[in-house]
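Chemist:
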Amino acid sequence: MKWVSLMSGELGTLIQLLLRSLETGSVYALAALGIIIVFRTSLITHFAQGSMGMFNTFLVTTLVVSFAVPLWAAMLCGAVSAVICGFLVDFFIIRRAKRVTPVGRQIITLGLIMIFLGLAPMVFGVDPLLLPRFITGGDFRIPGLGASISHNAVLNISIGLVLMGTLFYILQKTKLGLAVRVTASNEPTARLMGVPTRTVTLLAWAVAGVLGMLSGVMIAPATTVTVTLMNIVQVNALFACVLGGFQTFYGPVIAAYIIGIGNNLLVYYVSSVWGGQIMYLLILIFLIFRPNGLVGKKYVKKV
């Protein structure tokens, strides 16, 4: 009986970790999807995804805390702000850098990090803020195992899956999605075929901004809203893009959930201090043998 009870407890702990990892993976997946959408349409690694998400999360939190705006309404305002930020960055910065070298454009996004890190305390102050959860209490329990997941975590997981499913449907089944995929495949050819590539890239930056805001709002209740809120999310989202492969939209999403699950398991079962670093080391070892990622494709240049 004692052995059965022990096994049940271990299984319950494992299920608990997996359930929590799904929520974490959803946060990473939304951020990674924003990065990959920008990369596929603009050929730019969006290093500022996290800082832009942090800025708009600050806006949402300030509206809720200082002006007593309902969270859902504050998120709508945050989404509008994220779209405007995306439009401004693409229209006034990225389009003006078309003749800049690829490395130079990556540096531009690094510069955007400094801009948003500087703007956030100037606009919203330097004090940490607390963002409440959508659902403040209650959880679902698995009978006999002691595992549970909060109602808010289920909501976060559902929001992530629904949003990603909707975006993948748009990419695969609509004319807009076809325009995005054609632009991602070959932007000059798409432009010659009449595809409004500038509009596509404009929308890509806007969508990336909204996804960054959502990932920030999802993770904010577990910590405090500061300028460093999205640092870990940004790092793991970039690792997800590398692990999943930059050649597909769905690869980084799959990799984000793998990182979320693997990181939590390593932290709990291996080392609470070095678990995250071990996860990154395993990813680097994997990339030695498969440099194009999980589902990445090897480009063959024909001459």
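Count along the sequence shown from 1, add 225, and you get the number used in this note's numbering.
Even glycine gets a Cβ: it sits at the ideal position worked out from N, Cα and C.
Whole-angstrom Cβ separation of Ile-486 and Gly-250, contact assumed at under 8 angstroms?
Modeler: Mapped onto the sequence shown, residue 486 falls at position 261. Mapped onto the sequence shown, residue 250 falls at position 25. That pair is a contact at about 6 angstroms.
Chemist: How long is the line joining the alpha carbons of Met-279 and Pro-295, rounded to whole angstroms?
Modeler: The sequence position of residue 279 within the sequence shown is 54, counting from 1. The sequence position of residue 295 within the sequence shown is 70, counting from 1. The straight-line gap from Cα to Cα measures roughly 19 angstroms.
Chemist: Kindly indicate the opening and closing residues of the alpha helix (DSSP H) around Arg-406.
Modeler: For the purposes of this step, residue 406 is taken as residue 181 along the sequence shown, with counting starting at 1. Arg-406 -> alpha helix (DSSP H) spans 400–410.
Chemist: Use the C-beta contact count for Thr-361: other C-beta atoms within 10 angstroms, 16 or more gives buried, fewer gives exposed.
Modeler: Start at 1 with the first residue of the sequence shown, and residue 361 comes out as number 136. By the 10 Å Cβ count, Thr-361 comes out exposed.
Chemist: Does the beta carbon of Phe-317 come closer than 9 angstroms to any beta carbon on chain B?
Modeler: The structure shown has no chain B; it contains just one protein chain.
Chemist: Starting from Arg-557, follow the alpha helix (DSSP H) in both directions and report where the run begins and ends.
Modeler: A question about residue 557 goes unanswered here, because the residues of the chain that appear run from 226 up to 528.
Chemist: Looking at the unbroken alpha helix (DSSP H) that takes in Ser-440, where does it start and where does it end?
Modeler: Here residue 440 corresponds to residue number 215 of the sequence shown, with the count starting at 1. Looking at the DSSP string, the run of the alpha helix (DSSP H) that includes Ser-440 is 422–444.
Chemist: When you measure from the CB of Met-347 to every non-hydrogen atom of the ligand ATP, does any distance come out below 8 angstroms?
Modeler: The ligand ATP is absent from the structure shown, which contains no ligands of any kind.
Chemist: Using the Cβ count rule (16 or more neighbours within 10 Å means buried), how would you classify Asn-411?
Modeler: For this step, residue 411 is matched to residue 186 along the sequence shown. Exposed, since its Cβ has fewer than 16 Cβ neighbours within 10 Å.
Chemist: Tell me the rounded alpha-carbon separation between Ile-484 and Val-495.
Modeler: Working through the sequence shown from its first residue, we reach residue 484 at position 259. Working through the sequence shown from its first residue, we reach residue 495 at position 270. Their backbone Cα atoms lie some 15 angstroms apart in a straight line.
Chemist: How about Leu-337 and Phe-272: are their beta carbons less than 9 angstroms apart?
Modeler: The sequence position of residue 337 within the sequence shown is 112, counting from 1. The sequence position of residue 272 within the sequence shown is 47, counting from 1. Result yes, Cβ atoms of Leu-337 and Phe-272 sit closer than 9 angstroms.
Chemist: Our contact map puts Leu-396 next to Leu-258 with C-beta atoms below 8 angstroms; I'd like the distance itself, whole angstroms only.
Modeler: The residue given as residue 396 occupies position 171 in the sequence shown. The residue given as residue 258 occupies position 33 in the sequence shown. Not quite, the Cβ-Cβ distance comes to about 10 angstroms (not below 8 angstroms), so this is no contact.
Chemist: Quick check: the stretch 275–294 against the stretch 306–325, are there 3 or more CB pairs under 8 angstroms?
Modeler: With a cut-off of 8 angstroms, the stretch 306–325 and the stretch 275–294 count as touching, because enough Cβ pairs lie within range.
Chemist: Can you tell which of Met-455, Ile-513 and Asn-517 has the C-alpha that lies nearest to the C-alpha of Tyr-253?
Modeler: Within the sequence shown, numbered from 1, the residue matching residue 253 stands at position 28. Of Met-455, Ile-513 and Asn-517, the residue nearest in Cα terms is Met-455.
Chemist: Pick helix, strand or coil for Val-450, following the three-state DSSP scheme.
Modeler: For this step, residue 450 is matched to residue 225 along the sequence shown. Three-state DSSP puts Val-450 in a strand.
Chemist: For Tyr-475, which option in Phe-393, Val-387 and Ser-373 has the closest C-alpha, if you only look at C-alpha atoms?
Modeler: Here residue 475 is taken as the residue at index 250 of the sequence shown, counted from 1. When each option's Cα is compared against that of Tyr-475, the closest is Phe-393.
Chemist: Does DSSP classify Ser-267 as helix, strand or coil?
Modeler: Locating residue 267 in the sequence shown gives position 42, counting from the first residue. Helix at Ser-267.
Chemist: Measure how close the beta-carbons of Ala-378 and Glu-248 come, nearest whole angstrom, since I'm counting them as under 8 angstroms.
Modeler: Against the sequence shown, residue 378 aligns to sequence position 153. Against the sequence shown, residue 248 aligns to sequence position 23. Ala-378 to Glu-248, Cβ: 5 angstroms. Contact.
Chemist: Less than 7 angstroms between C-beta atoms, sequence neighbours within five positions excluded: which residues of the same chain meet that for Leu-519?
Modeler: Sequence index remark: in the sequence shown, residue 519 carries index 294 (1-based). Taken in chain order, the residues that qualify are Leu-468, Gly-469, Gly-470, Gly-476, Ile-479 and Ala-480.
Chemist: Return the chain-ordered list of same chain residues with a C-beta closer than 7 angstroms to the C-beta of Met-389, the five sequence neighbours on each side being excluded.
Modeler: Translated into positions along the sequence shown, residue 389 becomes position 164. Within the same chain, Met-389 has close Cβ partners Ala-254, Leu-258 and Val-478.
Chemist: Pull the bridge partners of Ala-372 from the DSSP assignment, please.
Modeler: Here the question's residue 372 lines up with position 147 in the sequence shown. DSSP, once it has assigned bridges, lists Ile-367 as partnering Ala-372.
Chemist: Which one or two residues does DSSP pair with Leu-354 in a beta bridge?
Modeler: As a working note, residue 354 is residue 129 in the sequence shown. Its beta-bridge partners are Val-450.
Chemist: State the DSSP-derived secondary structure class of Asn-517, mapped to helix, strand or coil.
Modeler: Here the question's residue 517 lines up with position 292 in the sequence shown. Three-state result, Asn-517: coil.
Chemist: In whole angstroms, what is the alpha-carbon distance linking Pro-368 and Leu-512?
Modeler: As a working mapping, residue 368 is identified with position 143 in the sequence shown. As a working mapping, residue 512 is identified with position 287 in the sequence shown. Using only the alpha carbons, I get a separation of about 40 angstroms.
Chemist: Residue range of the alpha helix (DSSP H) that Met-339 falls in?
Modeler: By 1-based counting over the sequence shown, the position of residue 339 is 114. Per DSSP, Met-339 belongs to the alpha helix (DSSP H) from 327–349.
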